[in-house]
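The structure under discussion appears below in the form of structure tokens.
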Amino acid sequence: MAVRFTRIVLILLFDFTLLIAQITKPSPVDSIIAGRNVVFNFQTKAISLQKLDFSIDKKNWIEIGKFLNKEELTWLPPLLDIDTIYFHYEAFNFTIPIKLWEVEKANSSEVSSIDYWEADSLFLTSSLNGELIIWDISSRKKLDSLVWGKAILSAKFFHSSSKVVFSSDTAVFLWDFSNPTELRMIGNSSATVRALAVDNQKKLVAFGSYSGELVVLDSNLNEILRLNHNKQIYSLAFSKQGNLLAVGDYEGFVTIYDLLKGKKLKSFSTNRDSSFKNVVWSISFDSNDILIIAGGIDGKSRIYNINNESLDYVISSHSFHIRGVDFCDYAPVAISVSLDSNLVQTYFPMNFPVHFPIKEKSAITFLKTIDGGRYLFLGMRDGTISFYKNFEFEHIDQRLALPFFIPVMVQCKSFEANAGRMASFPIIFKNLLEVPLNRFFSDTSFAVLEVPKEHFGVYHPENRTVKYGPVDTIYSRLSSIGSLDTFQIVQVYALLPWGERKAPFKVNYVDFRGKRNILWLFDTAFVDIVEICKPLNDLVKLELIPKINFVVKDNPVSEFINLIVEADNSVFCKFALVNSIDGGTKILYSGEIHSGKTELNFNIGDFPSGVYLLLLETDFVSLAKKLIIY
Numbered sequence: 019m020a021v022r023f024t025r026i027v028l029i030l031l032f033d034f035t036l037l038i039a040q041i042t043k044p045s046p047v048d049s050i051i052a053g054r055n056v057v058f059n060f061q062t063k064a065i066s067l068q069k070l071d072f073s074i075d076k077k078n079w080i081e082i083g084k085f086l087n088k089e090e091l092t093w094l095p096p097l098l099d100i101d102t103i104y105f106h107y108e109a110f111n112f113t114i115p116i117k118l119w120e121v122e123k124a125n126s127s128e129v130s131s132i133d134y135w136e137a138d139s140l141f142l143t144s145s146l147n148g149e150l151i152i153w154d155i156s157s158r159k160k161l162d163s164l165v166w167g168k169a170i171l172s173a174k175f176f177h178s179s180s181k182v183v184f185s186s187d188t189a190v191f192l193w194d195f196s197n198p199t200e201l202r203m204i205g206n207s208s209a210t211v212r213a214l215a216v217d218n219q220k221k222l223v224a225f226g227s228y229s230g231e232l233v234v235l236d237s238n239l240n241e242i243l244r245l246n247h248n249k250q251i252y253s254l255a256f257s258k259q260g261n262l263l264a265v266g267d268y269e270g271f272v273t274i275y276d277l278l279k280g281k282k283l284k285s286f287s288t289n290r291d292s293s294f295k296n297v298v299w300s301i302s303f304d305s306n307d308i309l310i311i312a313g314g315i316d317g318k319s320r321i322y323n324i325n326n327e328s329l330d331y332v333i334s335s336h337s338f339h340i341r342g343v344d345f346c347d348y349a350p351v352a353i354s355v356s357l358d359s360n361l362v363q364t365y366f367p368m369n370f371p372v373h374f375p376i377k378e379k380s381a382i383t384f385l386k387t388i389d390g391g392r393y394l395f396l397g398m399r400d401g402t403i404s405f406y407k408n409f410e411f412e413h414i415d416q417r418l419a420l421p422f423f424i425p426v427m428v429q430c431k432s433f434e435a436n437a438g439r440m441a442s443f444p445i446i447f448k449n450l451l452e453v454p455l456n457r458f459f460s461d462t463s464f465a466v467l468e469v470p471k472e473h474f475g476v477y478h479p480e481n482r483t484v485k486y487g488p489v490d491t492i493y494s495r496l497s498s499i500g501s502l503d504t505f506q507i508v509q510v511y512a513l514l515p516w517g518e519r520k521a522p523f524k525v526n527y528v529d530f531r532g533k534r535n536i537l538w539l540f541d542t543a544f545v546d547i548v549e550i551c552k553p554l555n556d557l558v559k560l561e562l563i564p565k566i567n568f569v570v571k572d573n574p575v576s577e578f579i580n581l582i583v584e585a586d587n588s589v590f591c592k593f594a595l596v597n598s599i600d601g602g603t604k605i606l607y608s609g610e611i612h613s614g615k616t617e618l619n620f621n622i623g624d625f626p627s628g629v630y631l632l633l634l635e636t637d638f639v640s641l642a643k644k645l646i647i648y
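Its first residue numbered 19, the sequence shown is counted upward by one per residue in this note's numbering.
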């Protein structure tokens with residue numbers, strides 16, 4: 019006798035709690051330095067599958083790593099001449115499914131099917147001992163039941179919440195529990211009808227039997243298609259659009275039929291070899307009817323691309339005998355249940371389990387997803403049914419562009435000099451990592467160095483002046499620093515310290531005028547003072563440094579050498595001839611050269627033939643030219 023209850027409609031709401039898995043370090047205001055490790059910090063919650071890539075052009079991406087629930091990652095960037103490096107971070111975040119309730123031994127034997135009618139919040143269960151029960155999902159109370167007496171292999175709602183089609187033995191029946199007398203056979207076969215599928219949008223019913231008969235009924239339950247599959251049919255599934263029907267069989271094949279054309283469209287084998295029959299107990303289409311998933315007795319779920327006719331993913335999710343498979347609509351996740359008592363869900367693009375297997379008390383014999391997989395029904399071999407709120411899912415896609423700096427060392431070498439006189443000291447710009455650089459331009463590259471005004475004045479060769487002050491400009495051609503294994507030495511003339519024995523010269527600041535993204539490092543040595551000097555105001559003013567040069571008028575073939583000396587101001591100078599073999603030196607001239615051009619003649623008749631250096635020395639400059647005496 020049918021028992022009636024007042025129906026309470028339950029509206030299922032998907033509570034979405036914000037999940038977080040994002041890069042917290044480096045931040046958008048940080049920078050990357052070549053040769054130094056980058057420490058990434060991630061803020062994570064729940065279960066996070068993370069993926070981090072980098073690029074130098076935003077087109078070609080290189081994987082840094084895939085990882086799970088990682089809060090910190092150390093990475094060494096490549097040694098490249100780039101201004102910017104780009105990062106692409108993805109996180110796929112999942113919560114653990116929550117069991118909302120279960121009804122122990124809801125059926126007195128193995129649950130063979132579960133279905134759900136959303137409009138009235140009703141669900142049904144059927145079992146192998148012939149029970150068919152209608153339940154209210156909110157109260158979990160039985161609204162009606164049918165004791166059939168024979169095993170019910172499959173049952174589905176059809177057309178409304180009061181009509182159910184079910185298969186038993188070799189036939190398919192319609193039960194209208196709003197009318198106690200409405201129970202009739204709507205189709206039969208010559209063998210057991212194991213598989214049943216219903217499309218409630220197009221109001222179609224399909225059933226398949228062990229004899230290979232495949233039958234489709236319309237909304238009036240009239241037969242509109244009958245095909246011979248030639249294999250025992252174990253599972254059926256309509257596509258989401260209702261134009262395709264998938265068949266899983268005892269021989270391990272998944273076959274797709276085009277219902278509009280009434281013929282076979284495609285077929286896939288799930289068998290690992292010809293000797294093994296991987297019985298396909300469950301199949302399902304994805305929400306776009308592009309992919310189809312099949313679960314077999316080998317414990318693997320296989321996902322096929324229908325358009326490409328390709329096997330895209332194989333998921334080894336169970337130890338044996340899968341009884342139910344489906345897709346999530348809100349995440350690329352495959353769901354499967356098995357007689358090993360486990361519920362397993364896999365993010366199939368990366369073959370990543372979104373949670374540890376959830377083990378039930380009994381072998382799981384049926385899976386029913388509702389609301390696109392956000393809720394799950396599980397049926398057990400002992401008759402128990404469980405109801406889960408499935409995982410929450412969040413996909414984070416974060417992109418980060420950070421400036422990329424190349425470290426260059428600025429070194430000031432120590433030297434010994436007499437205080438109060440002009441001398442030069444080297445400042446070395448060294449490419450520490452020996453990265454071939456293209457960022458230095460000879461026409462625009464120069465540096466601004468901070469020098470202590472109480473000790474130094476910087477000589478400017480462009481106007482031959484010495485300037486005093488805390489900040490001054492040193493022009494240098496830095497193009498050669500971009501070559502491998504090379505460095506640039508900049509000669510800076512300075513007025514040396516006075517009044518103390520030692521004074522540190524610190525290069526505290528470099529402002530590169532040219533291409534950006536250079537990390538300046540400083541290495542400062544001490545300057546040794548040889549003697550105490552008078553205060554600065556007692557020194558000769560060095561506001562103008564004379565510019566001087568000389569040329570040999572012609573190659574000496576006589577006892578005399580003729581020189582043309584050109585200076586822009588009067589300057590005291592010396593000329594000396596140095597033997598390049600033994601270093602012997604003879605002073606040729608010592609005296610003042612006036613502004614303009616001056617011609618000098620020297621007698622070299624006493625010098626033997628050979629190669630010499632002709633030196634010009636002033637207080638400010640030393641010049642040398644090679645001289646051959648015949």
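The beta carbon of each residue, even a glycine, is placed where N, CA and C say it ideally should be. The structure presented is a predicted model; accordingly, all values stated were derived computationally and were not measured.
Proximity winner among the options, relative to residue i (alpha-carbon distances)
i	options	result
residue 375	296, 98, 335 and 391	335
residue 329	344, 416, 101 and 311	311
residue 256	106, 276 and 379	276
residue 116	616, 624, 377 and 593	377
residue 704	129, 157 and 539	The question about residue 704 has no answer here: the residues shown for the chain are numbered 19 through 648.
residue 220	121, 178 and 194	178
residue 57	65, 192 and 70	70
residue 588	119, 609 and 571	609
residue 591	159, 618 and 597	618
residue 131	92, 45, 395 and 191	395
residue 417	111, 142 and 103	103
Nearest-angstrom Cα separation, counted from residue j out to residue i
i	j	result
residue 186	residue 170	5 Å
residue 261	residue 278	6 Å
residue 200	residue 390	32 Å
residue 123	residue 184	21 Å
residue 139	residue 101	60 Å
residue 658	residue 173	Limits of the chain in this structure are 19 at one end and 648 at the other, which puts residue 658 out of reach.
residue 282	residue 197	39 Å
residue 645	residue 78	59 Å
residue 357	residue 371	19 Å
residue 367	residue 541	52 Å
residue 406	residue 144	19 Å
residue 599	residue 628	9 Å
residue 643	residue 594	11 Å
residue 612	residue 626	32 Å
residue 630	residue 584	22 Å
residue 521	residue 428	At residue 521 the pLDDT is 49, less than 50, meaning the model places this residue with poor confidence; the figure from the coordinates comes in the next sentence. Residue 521 and residue 428: Cα-Cα distance of roughly 19 Å.
residue 284	residue 230	17 Å
residue 323	residue 346	16 Å
residue 622	residue 614	25 Å
residue 633	residue 620	13 Å
residue 561	residue 635	Reliability of the predicted coordinates at residue 561 is poor, the pLDDT of 44 falling under 50, and the value obtained from them is presented with this limitation in mind. So the alpha carbons of these two residues sit roughly 20 Å apart.
Cβ pair residue i, residue j closer than 7 Å
i	j	result
residue 272	residue 298	yes
residue 227	residue 209	yes
residue 68	residue 85	yes
residue 217	residue 258	no
residue 383	residue 399	yes
residue 162	residue 152	yes
residue 300	residue 342	yes
residue 364	residue 352	yes
residue 295	residue 270	yes
residue 251	residue 213	yes
residue 42	residue 59	yes
Residue interval of the beta strand (DSSP E) (run including residue i)
i	result
residue 265	262-267
residue 205	201-206
residue 591	589-597
residue 64	Taken as a continuous stretch (DSSP letters only), residue 64 belongs to no beta strand (DSSP E), as it is neither H nor E.
residue 118	116-121
residue 106	102-112
residue 82	80-86
residue 241	241-246
residue 667	Within the shown structure, residues of the chain are numbered from 19 to 648, placing residue 667 beyond reach of any answer.
Closer than 6 Å: residue i CB and nearest the ligand GDP heavy atom
i	result
residue 80	No copy of the ligand GDP occurs in the structure displayed, which carries no ligand at all.
Bridge partner(s) assigned by DSSP for residue i
i	result
residue 299	In the DSSP output, where bridge partners are listed per residue, residue 299 has none listed.
residue 617	582
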